[in-house]
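*Asks:*
Protein chains in written order, with this note's numbering: chain C, 281 to 676; chain B, 281 to 676.
1) Rounding to the nearest angstrom, what Cα-Cα distance links residue 292 (chain B) and residue 402 (chain B) in this structure?
2) Between residue 230 (chain C) and residue 449 (chain C), what straight-line distance do the alpha-carbon atoms span, to the nearest angstrom?
3) Have a look at B:367, B:663, B:496, B:426 and flag the residue whose alpha-carbon is nearest the alpha-carbon of residue 406 (chain B).
4) According to DSSP, simplified to helix, strand and coil, what is residue 537 (chain C)?
5) Give me the Cα-Cα distance between residue 444 (chain C) and residue 588 (chain C), rounded to the nearest whole angstrom.
6) Going by C-alpha distance, which of B:618, B:487, B:555 is nearest residue 640 (chain B)?
7) For residue 404 (chain C), collect the residues of the same chain with a Cβ closer than 6 Å to its Cβ; drop the 5 residues on either side in sequence, then sort them by chain order.
8) By how many angstroms is the C-alpha of residue 329 (chain C) removed from the C-alpha of residue 299 (chain C)?
9) For residue 285 (chain C) and residue 421 (chain C), I'd like the C-alpha separation in whole angstroms.
10) Whose C-alpha, out of C:615, C:424, C:492, is nearest the C-alpha of residue 541 (chain C)?
11) For the segment 363 to 380 of chain B against the segment 653 to 669 of chain C, are there 3 or more C-beta pairs whose distance is under 8 Å?
12) Quick check on the burial criterion: 16 or more other C-beta atoms within 10 angstroms. Buried or exposed for residue 416 (chain C)?
13) How would you list, in chain order, the residues of chain B whose beta-carbon sits under 7 Å from the beta-carbon of residue 583 (chain C)?
14) Taking residue 310 (chain B) as part of the alpha helix (DSSP H), name the residues at either end of that continuous run.
15) Starting from residue 328 (chain C), find everything on chain B with Cβ-Cβ shorter than 8 Å and list it in chain order.
16) Which residues, in order along the segment 420 to 443 of chain C, keep a beta-carbon less than 7 Å from a beta-carbon of chain B?
17) Suppose you measure from the CA of residue 327 (chain C) to the CA of residue 643 (chain B); what does that come to, to the nearest Å?
18) Using a Cβ-Cβ cut-off of less than 7 Å, list which residues of the segment 444 to 467 of chain C approach chain B; keep chain order.
19) How many angstroms separate the CA atom of residue 638 (chain C) from the CA atom of residue 505 (chain B)?
20) Please specify which runs of the beta strand (DSSP E), each continuous and at least 3 residues long, are wholly inside the segment 490 to 547 of chain C, giving them in chain order.
21) I need the straight-line Cα distance from residue 347 (chain C) to residue 308 (chain C), nearest angstrom please.
22) Would you verify that the beta carbon of residue 306 (chain B) is, or is not, closer than 9 Å to some beta carbon of chain C?
23) Check whether the Cβ of residue 622 (chain C) lies closer than 9 Å to any Cβ atom in chain B.
24) Taking a Cβ distance cut-off of 7 Å, strictly less, list which residues of the segment 363 to 375 of chain C are near chain B, in chain order.
25) Can you name the residues of chain C whose CB is closer than 7 Å to the CB of residue 303 (chain B)?
26) So is residue 485 (chain C) in contact with chain B if we call contact Cβ pairs under 9 Å?
27) Name the chain C residues whose beta carbon is nearer than 9 Å to that of residue 512 (chain B)?
28) Mind listing the chain D neighbours of residue 643 (chain B)? Cutoff is C-beta to C-beta under 8 Å, in chain order.
29) For residue 515 (chain C) versus residue 353 (chain C), is the C-beta distance shorter than 9 Å?
30) Which residues in the same chain as residue 461 (chain B) place their Cβ atom closer than 6 Å to its Cβ, once the five residues preceding and following it in sequence are excluded?
31) What's the C-alpha gap between residue 469 (chain B) and residue 426 (chain B)?
32) Is the beta carbon of residue 437 (chain B) sitting closer than 9 Å to the one on residue 464 (chain B)?
33) With a threshold of 7 Å on Cβ separation, who are the neighbours of residue 317 (chain C) within its own chain once the five nearest residues in sequence on each side are excluded?
34) Excluding the 5 residues preceding and the 5 following residue 525 (chain C) in the sequence, name in chain order all residues of the same chain whose CB lies nearer than 7 Å to its CB.
35) Determine the direct distance from the alpha carbon of residue 301 (chain C) to that of residue 349 (chain C), and round the result to whole angstroms.
36) Would residue 648 (chain C) pass as an interface residue toward chain B - the criterion being a Cβ-Cβ separation below 9 Å?
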């Protein structure tokens, strides 16, 4: 039985402690907290004896809650970290940085994370002027670190266009696409949210320190692991589930055949968030993962912010406009009118019977067609016949 | 009642005549031919009197065959072209060019066109050393005329890779993507097939004359309209249905927002042929149509010949290989092994209990993990603890 130096019955301290005790996404820990609360779960763990049995009883049914690892294994994972645990140290670090702890039930708790169920974080370590409960419409924009100039450009422009429409860009603060997305949003004063894999006390990667500080000036930088935690590889993969959950839609800009961004997309898919993939040249290895998403999954082809807004608003109130196209010769014509216009000579007029032969239409259809084309200013009489109008109203 | 200068009871002459009388895709003409044969249908038309009634009876039921335009309208379309019709002239032009007429029922008739039902052509005007009944596996590769260097490159490489695997490339002989596709196939000696919108006597566009002659040396150039026919705009759209029907799959390489290639893709979709679209930079207007296909239709993202072969062989016997990827640190490890390896220091060994705390695992799990990593040559003992193997077998 462990005796901790802080008040384990304090729900906030207990929630914070669980981010140290269990790795991100530990479903056994989540299930235990769901049944006992963070404090009750910690108290239960503190009363586990040398045989792995807790002096505190579990509520009926919670042991059979369908958690994959048996409780004994889970307890064996958590116990080594119980020694010397004093979460007040990590909280002191956080507060010295001007940060705050956000736990489920807080006003600021982003309820989107509840979609993670028993894999939701016990608490979030948060820094920055933004508020997590004011994400509003949000989009995860992710991609590979070794991005190309094309990918950086597209990610930045996408983030600019989304931020200008009030969509909060969520990403991972990494080099490459993540950085381009954060920068794009910041460039138009839009709040943006960076989810780190390690503690928020070390702004990782170091080369993005200035960027992450700019993110904090407008938005938030947050992490699930406590301050002091190293961003290990498997933590990146588990961090991705938070990015996927915080975005209402997930857009992958550039990704190699295997890329952490594809892992984020899979998390989004599992959370029933729409996934978008930005295509690129098939000759670019940096777009291979995006094309893989387009080919093998339900990911939607995203070419700009309009496509993302459509994914955010399936009801259609934010549909992008179709791109402007040049007015073509046959525009606005019914098929018959188009065929007659096609057959009309440019200079010397053609008779109705000649037009009928040329167009493969009856003379009556030709007469009807040229009449309508004349009204539209696209055909004119010439001698005994018809030709195209020289200066047609309506262009081309 | 018309009296034609050639034998209207000759089925081949009659079939050829119908390509002059009716525009491509005239469903009324196709239905009439289906009921009476090409010769019977022509004879029926020749006996139409001034009131629009034929002295020849239609078989019971054929008038109610569900053809959209009433027979009177159809007859009014065809009659103007019956005057001065002598299809022997067009056939003489064809033969002088070394060409041949191919009609339904001929050994060389490409039965894939029968999928067009009442919109199938009455006959094909064909030039070239290839044979239409030996298309075997085939793919339509189409795209815009104002293609980019990227699109030309991708179309040519796709055609090369398809031709090398025995797939016949079908396209429209136009500038841009079509030309690149034909050229690619020819560059590796593969037969290719060009479907023209106008008569095969005028190799259109003139700038592609040499290319189309090279196509004829290995494959075929064909058209539905008779020699002398002008390639009018609506004929391009109807020509596209032949390209779609002759290809077992249809791949669009580059297309603007509105492009004839999208029309070909729609035809292919209606014929239940798989449609593929090659993505490109979202900053390129030449890829907008392809991205539109990917976003709004069932088109599959095609990045190379392997994807096309997969569409041709859904059973999987021709699946492409996954691209080679660099071996990553955590490759081939189970999740537990990966987490332990992640926690292993590079230099000074860490004890099992330290590793358990670092990895968030029980000591028993860590012992099992390092044991397996040691067997795999990826961990080694160091003092009382463990570290990463310095020269791991199996790379990186």
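The beta carbon of each residue, even a glycine, is placed where N, CA and C say it ideally should be.
*Replies:* Taking the coordinates as given:
1) 10 Å
2) Given a span of 281 to 676 for chain C in the structure shown, any question on residue 230 (chain C) remains unanswerable.
3) B:496
4) coil
5) Cα to Cα, residue 444 (chain C) sits roughly 13 Å from residue 588 (chain C).
6) When each option's Cα is compared against that of residue 640 (chain B), the closest is B:618.
7) Correct list, in chain order: 382, 502.
8) Cα atoms of residue 299 (chain C) and residue 329 (chain C): separation of roughly 22 Å, rounded to the nearest angstrom.
9) 42 Å
10) C:424
11) no
12) exposed
13) Chain B residues near residue 583 (chain C): 562, 571.
14) 307 to 326
15) The premise fails here: residue 328 (chain C) is roughly 12 Å from chain B at the closest Cβ pair, so nothing lies under 8 Å.
16) 430, 434
17) Rounded to whole angstroms, residue 327 (chain C) to residue 643 (chain B) spans 19 Å at the Cα level.
18) none
19) 12 Å
20) 500 to 503, 530 to 532
21) For residue 347 (chain C), the predicted structure reports a pLDDT of 40, less than 50, and the residue's modelled location is therefore unreliable. The matter cannot be settled from this model.
22) yes
23) yes
24) none
25) 640
26) no
27) 619, 622, 623, 638, 639
28) Structure shown: chain D not included; protein chains present are C and B.
29) no
30) Same-chain partners within the cutoff: 421, 435, 439, 449, 451.
31) Going from the Cα of residue 469 (chain B) to the Cα of residue 426 (chain B) covers about 26 Å.
32) Cβ distance < 9 Å, so residue 437 (chain B) and residue 464 (chain B) count as in contact.
33) Once the five neighbours on either side are set aside, the close Cβ partners of residue 317 (chain C) are 291.
34) For residue 525 (chain C), where only same-chain residues beyond five positions count, the Cβ hits under 7 Å are 392, 393, 395, 396, 551.
35) Reliability of the predicted coordinates at residue 349 (chain C) is poor, the pLDDT of 48 falling under 50, and no value is obtained from them.
36) no
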